[in-house]
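*Asks:*
Next comes the structure, spelled out in structure tokens:
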């Protein structure tokens, strides 16, 4: 039995549309998994309590993104760059006013970047390095956004391109550590000498890694987790840098190895959020007391994510963006964590 041409053509069209539907469904299920989960979620926020940490919902970002840079400046939360759901490098920047609950678009980054290290200090938002494109080319550019004037300015460039690093302010100085440079995995530590207009290299971190997180307490730089350029090589390492002595020490290892994480400081403790492994992303929240060198568990994140960012306003941690699946997945999700009270 032979099919006539019209029947054959109709079957080809049906197969084509079935494939299109399958591809779209796969895209939505994987790349936009956090937003799908949010649609079908039965339990409502808030979640947790004062003893274990409380999670609340916050307004969604204007743009779904992952591998985003996040920081707080003058009581507002900034989201910088990243990937969109099609894997394009973003230059878009947006800002949340927690008092009004409104996100607003800001002037874009002068150059699109994902995996950019972001830190806020003295009314200025610093965007340091990052990668561009699907080839993950490391960038040396450093930009500063004046939150009052509302404009970007270029600062002294890094000695080498650097992406997937972590940044923090320590006693008024801006530090950036780890990541990937033109030679590969980096343990280099740079500090910005604003008066001389250069980045100075300090003692290298003993365990080079990327997709790590950094925070400051007590005049020391704490560096958490990350990986050795592979989801198969996540680290639980905690490295502590003392600027006064220009030396590194070991902290108490994290309860679980993970990279693609975010860190935030509230009331003398450092909280770690998210991360990814080969088969899953992390919901777990771990709190570190640097004086006691002790870890504690807290209420898990409502949605597991990696490539996210965290910023503190008013004693609350705004956990922003990131993807629900390993690799390229995105979200516009923002959830707010109030750490447990002792």
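Numbering (our numbering), first residue to last: 825 to 1166.
Where a beta carbon is used, it is the ideal one built from N, C-alpha and C, also for glycine.
Considering only C-alpha positions, which residue in the set 1117, 1164 and 1104 is nearest to residue 1150?
*Replies:* Among 1117, 1164 and 1104, the Cα nearest to that of residue 1150 is on 1104.
*Asks:* Determine the burial state of residue 1143: buried for a count of at least 16 other Cβ atoms within 10 Å of its Cβ, exposed for fewer.
*Replies:* It is buried - the Cβ of residue 1143 has at least 16 other Cβ atoms within 10 Å.
*Asks:* Taking its Cβ as the centre, do 16 or more other Cβ atoms sit within 10 Å of residue 856, making it buried, or is it exposed?
*Replies:* Buried, since its Cβ has 16 or more Cβ neighbours within 10 Å.
*Asks:* In whole angstroms, what is the alpha-carbon distance linking residue 890 and residue 1100?
*Replies:* Cα to Cα, residue 890 sits roughly 12 Å from residue 1100.
*Asks:* Under 8 Å between the Cβ atoms of residue 965 and residue 919?
*Replies:* Against a cut-off of 8 Å, the Cβ pair of residue 919 and residue 965 comes out as no contact.
*Asks:* When you compare only the Cα positions, how much space is there between residue 1018 and residue 1026?
*Replies:* Their backbone Cα atoms lie some 15 Å apart in a straight line.
*Asks:* In three-state DSSP terms, what is residue 825?
*Replies:* Note that residue 825 scores 47 on pLDDT, short of 50, meaning its location in the model is unreliable and no value can be drawn from it.
*Asks:* Compute the Euclidean distance between the alpha carbons of residue 911 and residue 896, then round it to the nearest angstrom.
*Replies:* Whole-angstrom Cα-Cα distance: 26 Å.
*Asks:* Taking C-beta to C-beta, are residue 941 and residue 952 nearer than 8 Å?
*Replies:* Contact flag set, yes.
*Asks:* Taking the CB atoms as reference points, tell me whether residue 1086 and residue 1098 lie closer together than 8 Å.
*Replies:* Yes, they are a contact pair.
*Asks:* In chain order, what residues of the same chain have a beta carbon less than 7 Å from the beta carbon of residue 1108, not counting five sequence neighbours either side?
*Replies:* So the list reads 1080 and 1124, once near-sequence residues are dropped.
*Asks:* Specify, as a first and last residue, the run of the beta strand (DSSP E) that residue 1108 falls within.
*Replies:* Per DSSP, residue 1108 belongs to no beta strand (DSSP E) and is neither H nor E.
*Asks:* Starting from the Cα of residue 985, find the closest Cα among 916, 995, 1073 and 1001 and give me that residue.
*Replies:* If we check each option's Cα against that of residue 985, 1001 comes out closest.
*Asks:* Do residue 1040 and residue 1090 have their CB atoms nearer than 8 Å?
*Replies:* Result no, Cβ atoms of residue 1040 and residue 1090 do not sit closer than 8 Å.
*Asks:* Nearest-angstrom Cα distance between residue 825 and residue 858?
*Replies:* Note that residue 825 scores 47 on pLDDT, short of 50, meaning its location in the model is unreliable; the coordinates nonetheless yield the value given after this. Near 49 Å, if we compare the C-alpha coordinates of residue 858 and residue 825.
*Asks:* Can you tell me whether residue 913 is buried or exposed? The criterion is at least 16 other CB atoms within 10 Å of its CB, across all chains shown.
*Replies:* Buried, since its Cβ has 16 or more Cβ neighbours within 10 Å.
*Asks:* Are the beta-carbon atoms of residue 922 and residue 1137 separated by less than 8 Å?
*Replies:* Yes, the Cβ-Cβ distance between residue 922 and residue 1137 is below 8 Å.
*Asks:* State the DSSP-derived secondary structure class of residue 896, mapped to helix, strand or coil.
*Replies:* Note: residue 896 maps to strand in three-state DSSP.
*Asks:* Please say whether residue 1042 and residue 861 have beta carbons closer to each other than 8 Å?
*Replies:* No, they are not a contact pair.
*Asks:* In its own chain, which residues sit with a C-beta less than 6 Å from the C-beta of residue 971, not counting the 5 before and 5 after it?
*Replies:* Excluding positions up to five away in sequence, the list reads 897, 898 and 947.
*Asks:* Report the three-state DSSP secondary structure of residue 1128 (helix, strand or coil).
*Replies:* The answer is coil: DSSP assigns residue 1128 none of H, G, I, E or B.
*Asks:* For residue 911, report the span of its beta strand (DSSP E) as first-last.
*Replies:* Residue 911 -> no beta strand (DSSP E), and no H or E assigned at all.
*Asks:* Pick helix, strand or coil for residue 971, following the three-state DSSP scheme.
*Replies:* Coil.
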